[in-house]
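Student: My questions all concern the structure below.
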Amino acid sequence: MCVDSDKSEDSPSHKSPGKIKNVRYHSLSDTDSEEQLDTIRPIHLEDQLNTYSPPKLTNNRKPKVTESVLERRRLEKELKAKEKAEKAKEKAERAALLEKIRHSKPDQCMKYITVILDEGIVTSNIGKKAVDLFKDIEFRFEVEKQRDPFSVTWTRKEPGLHSAVTEEKHILFIWSYEKLVTTVKYCTLIDTFRELKNKYNEFRIYLAIYGFGEYCRKISRKRVDEVAINGGEERVKKRRRTLEIPRNQVDTILCELEVLLKVSTRFLKNHSELSVLLQQITKAIAETPYRKETEKRDLEKCWYARGDSRDCVKVDKDLNGLYRLWLQQLSQFNKSSLDIAKSIAEIYPSPFTLYQAYQKLSTQKEKELLLQDIQIKKGGSLTRRIGPELSRKISLLFSQENGEIFLSQE
């Protein structure tokens with residue numbers, strides 16, 4: 001076989017590398033010898049190599065970045081980083097707020113209140129036993145020296161990002177009956193608490209007195225013994241004026257203290273009552289933020305039927321509980337009861353059906369007598385019926401457009 005390549009003067013320089021064009025294959029004749037083939041093959045390969053030219057390289061150099069472009073890129077990068085940081089901060093703040101709201105609920109808020117007891121309370125007989133009860137109910141408390149002896153304060157740990165500890169504006173003073181009697185006798189009780197009120201500005205102050213009941217009983221027994229021994233009531237009275245303070249005088253000065261300085265007082269019999277008092281105050285302090293927030297939400301609305309009131313009825317999304325709510329509404333009338341409500345609801349199963357019945361009546365007298373004489377179904381042989389007064393009140397509620405009318409005529 002013989003290979004011929006048609007070559008032109010200009011074509012080789014324009015051929016792409018690795019491709020051979022214009023190549024013809026034809027049969028070898030008998031006259032073609034092996035020597036001729038060996039001579040042709042190297043000449044053909046050498047021609048192909050000589051005609052190959054590598055592709056020209058283009059200038060791919062990036063243009064020089066100016067300082068203004070670098071500055072702009074730097075500012076964009078900083079802006080993106082700042083926006084990312086702000087979003088992360090807002091997300092963390094939202095999470096902290098949700099956690100704070102969740103922890104302010106009554107079932108969680110006690111975990112973040114700490115009772116600070118003065119050292120003198122713990123060393124006293126009544127305080128030591130009260131602290132033992134605190135340990136049993138797992139109250140959080142600490143013992144440290146207070147600014148005033150025998151006082152109790154409270155701190156709150158704020159849940160969230162910073163977890164700050166704040167002092168609650170409440171303080172409890174625990175006095176013995178000897179100290180109370182001394183201040184009453186020398187008329188210094190009001191002045192003492194007026195100074196404390198100025199010292200603890202904006203604080204709610206409580207005063208607990210222990211042992212006063214036993215003191216009064218001792219006075220009573222002593223008085224009886226003296227009357228029996230001395231035989232004269234008037235003589236005993238003169239001695240009591242100089243040595244003892246009667247209970248009614250103490251009650252009067254404590255009422256004056258509460259009216260003038262808003263100081264709440266409590267008499268304690270033993271350490272159990274002190275422990276209960278501390279638990280009550282601690283719980284009230286712990287639930288204060290939740291109650292304030294609830295009250296604030298209520299005031300923001302024009303009208304709101306409070307959901308945390310007593311004897312409320314739960315109605316779910318499937319309207320289960322509406323019938324119980326209707327019975328509860330009917331039972332709220334004076335001289336009404338659950339049996340009366342069930343008797344009315346059996347005929348008028350919803351407020352709307354009762355309203356429609358009133359709308360069909362033309363006169364007010366007919367409306368007032370609509371529910372009268374409905375038989376009250378109750379176990380037993382005694383038969384009762386709804387009276388005219390209750391029928392009139394319910395008719396006023398459902399038919400009157402004047403909201404200033406009183407249901408009761410009393």
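Take the sequence shown: its letter number 5 is residue 5 in UniProt numbering, and every next letter is one higher. Beta carbons: idealized from backbone N, C-alpha and C, even for Gly. Please read all numbers here as calculations on a predicted model, not as lab measurements.
Quick one: Cα of Ile-113 to Cα of Glu-142, how far?
Tutor: Rounded to the nearest angstrom, the two C-alpha atoms are 11 angstroms apart.
Student: Would you tell me roughly how many angstroms separate the C-alpha atoms of Arg-241 and Leu-180, rounded to the nearest one?
Tutor: Here Arg-241 scores only 49 on pLDDT, less than 50, and its place in the model should not be relied on; the value that follows carries that caveat. Rounded to whole angstroms, Arg-241 to Leu-180 spans 17 angstroms at the Cα level.
Student: In the DSSP assignment, find the unbroken alpha helix (DSSP H) run with Thr-363 in it and report its ends.
Tutor: Run containing Thr-363: none; DSSP gives neither H nor E here.
Student: Measuring CA to CA, which of Leu-207, Arg-291 and Asn-320 is closest to Leu-261?
Tutor: Checked all of Leu-207, Arg-291 and Asn-320; the closest Cα to Leu-261 is Leu-207.
Student: For the candidate residues Ser-350, Ile-340 and Ser-362, whose alpha-carbon lies nearest to that of Lys-386?
Tutor: Correcting the residue type first, residue 386 is Ile in the shown sequence and not Lys. For Ile-386, the nearest C-alpha among the options comes from Ile-340.
Student: Run through DSSP, which three-state label would Glu-404 get?
Tutor: Residue state, collapsed to three classes: coil.
Student: Tell me the rounded alpha-carbon separation between Trp-154 and Ile-101.
Tutor: So the two alpha carbons sit approximately 20 angstroms from each other.
Student: Measuring alpha carbon to alpha carbon, tell me which of Ile-285, Tyr-323, Gln-400 and Asp-148 ends up nearest Thr-166.
Tutor: Of Ile-285, Tyr-323, Gln-400 and Asp-148, the residue nearest in Cα terms is Ile-285.
Student: Less than 8 angstroms between the CB atoms is what I'm expecting for Leu-370 and Ser-343, so what's the real figure, rounded?
Tutor: So it is not a contact: roughly 13 angstroms between Cβ atoms.
Student: Between Tyr-348, Tyr-210 and Arg-297, which has its C-alpha nearest Gln-124's C-alpha?
Tutor: In the sequence under discussion, the amino acid at residue 124 is Ser, which differs from the Gln named in the question. Here the closest residue by C-alpha is Tyr-210.
Student: Comparing C-alpha positions only, which one of Glu-273, Leu-274 and Phe-203 sits nearest to residue 484?
Tutor: There is simply no residue 484 to check, as the chain begins at 1 and stops at 410 in what is shown.
Student: Please return the same chain residues whose Cβ sits closer than 7 angstroms to the Cβ of Leu-327, not counting the five positions on each side in sequence.
Tutor: Same-chain partners within the cutoff: Leu-338, Ala-341, Lys-342 and Ala-345.
Student: Quick check on this structure: which residue in Glu-401, Lys-185 and Asp-316 has the alpha carbon closest to the alpha carbon of Tyr-358?
Tutor: The residue with the shortest Cα to Cα distance from Tyr-358 is Glu-401.
Student: Report the residue from Pro-388, Gln-364, Glu-366 and Lys-367 whose alpha carbon sits nearest the alpha carbon of residue 415.
Tutor: Residue numbering for the chain in the displayed model covers 1 to 410; residue 415 lies beyond these limits and cannot be assessed.
Student: Can you give me the start and stop residues for the beta strand (DSSP E) that Leu-319 sits inside?
Tutor: Note, Leu-319: premise wrong, no beta strand (DSSP E); not H, not E.
Student: Return yes when the Cβ of Leu-277 is within less than 8 angstroms of the Cβ of Leu-268, no when it is not.
Tutor: Yes. Within cutoff.
Student: From Met-110, Glu-86, Gln-249 and His-271, pick the residue whose C-alpha is nearest to that of Trp-175; which is it?
Tutor: The candidate whose alpha carbon is nearest that of Trp-175 is His-271.
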